[in-house]
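Mapped onto numbering that gives the first Met the number 0, the consecutive letters of the sequence shown carry residue numbers 0 to 151.
So the structure is just underneath, and the comments pick up after that.
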Amino acid sequence: MNKEVFNRSHILFDETATTQEEAFKSLAKFAYNAGFVADETAYFEGLKAREKEATTGFKDHIAIPHCKSSVNKKPGLFLIKFKQAIPWQALDQKPVKVAFGLTIPEQGATEHLKLLSLIARKLIDPDFREGVLTQDDPEKLTAIIDQIEFRG
Numbered sequence: 000m001n002k003e004v005f006n007r008s009h010i011l012f013d014e015t016a017t018t019q020e021e022a023f024k025s026l027a028k029f030a031y032n033a034g035f036v037a038d039e040t041a042y043f044e045g046l047k048a049r050e051k052e053a054t055t056g057f058k059d060h061i062a063i064p065h066c067k068s069s070v071n072k073k074p075g076l077f078l079i080k081f082k083q084a085i086p087w088q089a090l091d092q093k094p095v096k097v098a099f100g101l102t103i104p105e106q107g108a109t110e111h112l113k114l115l116s117l118i119a120r121k122l123i124d125p126d127f128r129e130g131v132l133t134q135d136d137p138e139k140l141t142a143i144i145d146q147i148e149f150r151g
């Protein structure tokens, strides 16, 4: 994995979110504080708008919220583990415990939408899914995410 797109500092253990809206706010604040988005509120609104198009809830308690927007300064991947399971209109109707949040700039979006595809493909691997869901050690989580072959 490209260290500029994802590294250990991109892991958030969210203790407070209980709704999808709170989860999006948490992701927006985290991405903004990390310097990946120019406007926290606009990114939050972009996440909500994208969710209205189709669910980002994958399956097995995992979601991939994202939006392509001019407020996204650079491509990024953020892993958020929620203390409370978040109600989400996921494909399997299960609540979300882990989210892979993406910042996708409008420039070069095609390349970085590949990252979305790579994550979705990797989530088919039961060992990868299980590791992401059960592991709470940031070093081990980073090693798991680094299995995604993205150099972007």
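All C-beta atoms, glycine included, are put in the ideal place defined by N, C-alpha and C.
When C-beta atoms of the stretch 67-82 are compared with those of the stretch 100-110, three or more pairs fall below 8 Å, so the two segments count as touching. Using a Cβ distance threshold of 8 Å, Phe57 and Leu26 do not count as a contacting pair. Taking a contact as a CB-CB distance under 8 Å, the pair Val4 and Phe127 does not count as one, their CB atoms being some 17 Å apart. Inclusion of Gln19 and Ile85 in the CB contact set at 8 Å is warranted, their separation being smaller than that value. Going by DSSP, Gln19 is part of the alpha helix (DSSP H) stretching over Gln19 to Asn32.
Here Pro125 carries a helix assignment [DSSP, helix/strand/coil]. The shortest CA-to-CA distance from Ala53 to any of Gln88, Glu110 and Leu112 is the one to Gln88.
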